[in-house]
Amino acid sequence: MTSNPYATGLSLMADNRFAEAEPCFAEQLANGPADDDGIRLYYLSLLYQGKHRTVIEHVCGQIDIEQSTRVLHDLMMRSILAGQRNFIDGLHTATSEDDPRTRAITCYWKGCLAHLDNHKLNIDTYFEDARAQAFKCDGLAMDDAARESILAAGNVSLQDFQKIVREGTDTATDIRTIVKPGDDVANEHDFVFFMSADGGYTDTYAEEALGAIARAGANSTTPYACHLHLIGADDAAIERVRDLASRTPGVILTVTSEPDPPTDAAFNRYTYYACNRFIQAAEIIKRHDRDLLIIDIDDFIKDNVGDMTTAARNYDVCFFQNPSPTPQVVCSAAAVYVTNNAQGRSFLDGMSRYIAKRLAEGGRWMLDQAALYCALKVLGRPEGPIGFGDFSQILEASLRDYLTESDKTDAKNNRNAGRFG
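If you count the sequence shown from 1, you need to add 38 to reach this note's numbering.
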């Protein structure tokens, strides 16, 4: 069309020639990675023409839904949409359940806006509806990432979390001890690292994860302690872990195991693996009677982890938080410090019960982070009893300043694509 479609589109937008600007921005997005500014201008050219459904089609088939929601919210908060502030409401009202793809997107957006406006009751209502509609979209032309984002948001239910905390349910699992330190082994630290994984993840990541813990504790009087919990490991996998323990003297290691989870149709085995550390942590903190630093087995701590643990002791629960229009991304589950007190144990009990319930209902990827968000909103002060801390603000740093992502992440993502595709 033109050598510089972006500049041409900007010029046309300045003259309120939105219909002519639209193909310029569409061409720009088609020719390279979509940035926020490009999407923002494309959406504006559409919305000022009243083409709300075209925006939905773009989200469904082309771009990341997190990015789209961020752009739309920015437009609304800056009043750039002028009289079209309520276009999502209008589109949602005009959409029937016979169009699950559009309905899923509009419910999702309304849930995100409720989260940003802190309208807690509406968060539950819209995300539940979005989740139900997204489940109907198998075989429809909806981008897989968009569908998974909607299903992940459907894991958020503040009312469910509140009810579970109030009533309580039994989430006990048959745990077997595989490796434990000798009675004469001293631990000068007041916390224990805790991570869990299935046999495959343990084989891939455990040696490097334990090596990082050993290096971080090398300058202490005694090594750091770590509890590794295995899910569904066979005898051969257990022997490999025993061998690994014998080769890792720089860590005071405890290893436990449990059988594989049930495999009924509503149960997502791989989501269980991903969330297991939060299901079992309520029991693990009782066994050690110390604080827990709950980490992903494929995120390796750096030597400065002591700065994290020192800062966290001023709170009941501490983790990295992110400003995001989507609740399941607000709370990072990669490193969660839980103080061994009544509030910390109450938090872990609530997490365990909530995750178990949502798993039984078909919970999806990012359930652990959705549960963290629910805990933060339901149990956090001033309305709730628990003091939550945000490592991002306390340390003025990001997660990657304290944990290193495995260089095997691509292999992990390929594996997960097979699980959730």
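Yeah, the Cβ is synthetic: ideal placement off N, Cα and C, and Gly gets one too.
The alpha helix (DSSP H) enclosing residue i, as first and last residue numbers
{"i": "S430", "result": "429-432"}
{"i": "R438", "result": "It is not in any alpha helix (DSSP H) - R438 carries neither H nor E in the DSSP assignment."}
{"i": "T215", "result": "Where T215 is concerned, there is no enclosing alpha helix (DSSP H), although the beta strand (DSSP E) it sits in stretches over 214-217."}
{"i": "S49", "result": "43-52"}
{"i": "C62", "result": "56-68"}
{"i": "R169", "result": "158-173"}
{"i": "A349", "result": "343-350"}
Which of helix, strand or coil DSSP assigns to residue i
{"i": "M404", "result": "coil"}
{"i": "D478", "result": "With the chain covering only 39 through 459, there is no way to say anything about residue 478."}
{"i": "G418", "result": "strand"}
{"i": "V194", "result": "coil"}
{"i": "A373", "result": "strand"}
{"i": "D329", "result": "strand"}
{"i": "C356", "result": "strand"}
{"i": "K324", "result": "helix"}
{"i": "R139", "result": "helix"}
{"i": "N378", "result": "coil"}
{"i": "P363", "result": "coil"}
{"i": "R285", "result": "coil"}
{"i": "E226", "result": "coil"}
{"i": "R255", "result": "According to the sequence as given, residue 255 is Gly; it is not Arg. Residue state, collapsed to three classes: coil."}
{"i": "N314", "result": "helix"}
Boundaries of the beta strand (DSSP E) in which residue i is found, first to last residue
{"i": "Y81", "result": "Taken as a continuous stretch (DSSP letters only), Y81 belongs to no beta strand (DSSP E), being part of the alpha helix (DSSP H) at 74-85."}
Residues near residue i in its chain [Cβ-Cβ closer than 7 angstroms; skip 5 each side]
{"i": "A350", "result": "C356, Y375, G427"}
{"i": "N342", "result": "Y440"}
{"i": "D102", "result": "A183"}
With 16 other Cβ atoms within 10 Å as the buried cut-off, status of residue i
{"i": "P71", "result": "exposed"}
{"i": "T348", "result": "exposed"}
{"i": "P398", "result": "The question names Pro, but residue 398 in the sequence shown is Ala. Exposed, by the Cβ-count rule."}
{"i": "G382", "result": "buried"}
{"i": "N156", "result": "exposed"}
{"i": "R169", "result": "buried"}
{"i": "L159", "result": "exposed"}
{"i": "A52", "result": "exposed"}
{"i": "S41", "result": "exposed"}
{"i": "R280", "result": "exposed"}
{"i": "D228", "result": "exposed"}
{"i": "A380", "result": "exposed"}
{"i": "R139", "result": "buried"}
Residues near residue i in its chain [Cβ-Cβ closer than 6 angstroms; skip 5 each side]
{"i": "S362", "result": "V368"}
{"i": "H153", "result": "I161, P365"}
{"i": "D334", "result": "A372"}
Beta-bridge partners of residue i, as assigned by DSSP
{"i": "L266", "result": "M233, V293"}
{"i": "R396", "result": "In DSSP, R396 forms no bridge with anything."}
{"i": "I424", "result": "G418"}
Own chain partners of residue i with C-beta closer than 8 angstroms, once the 5 adjacent residues on each side are dropped
{"i": "A312", "result": "W403, L405, D406"}
{"i": "A320", "result": "T209, R383, L386, D387, M389, S390"}
{"i": "K324", "result": "R383"}
{"i": "H111", "result": "C150, L151, L154, P363"}
{"i": "K76", "result": "Reading the sequence as shown, one finds Gly at residue 76 and not Lys. Excluding positions up to five away in sequence, the list reads Y44, F63, Q66, L67."}
{"i": "R214", "result": "T294, S295, E296"}
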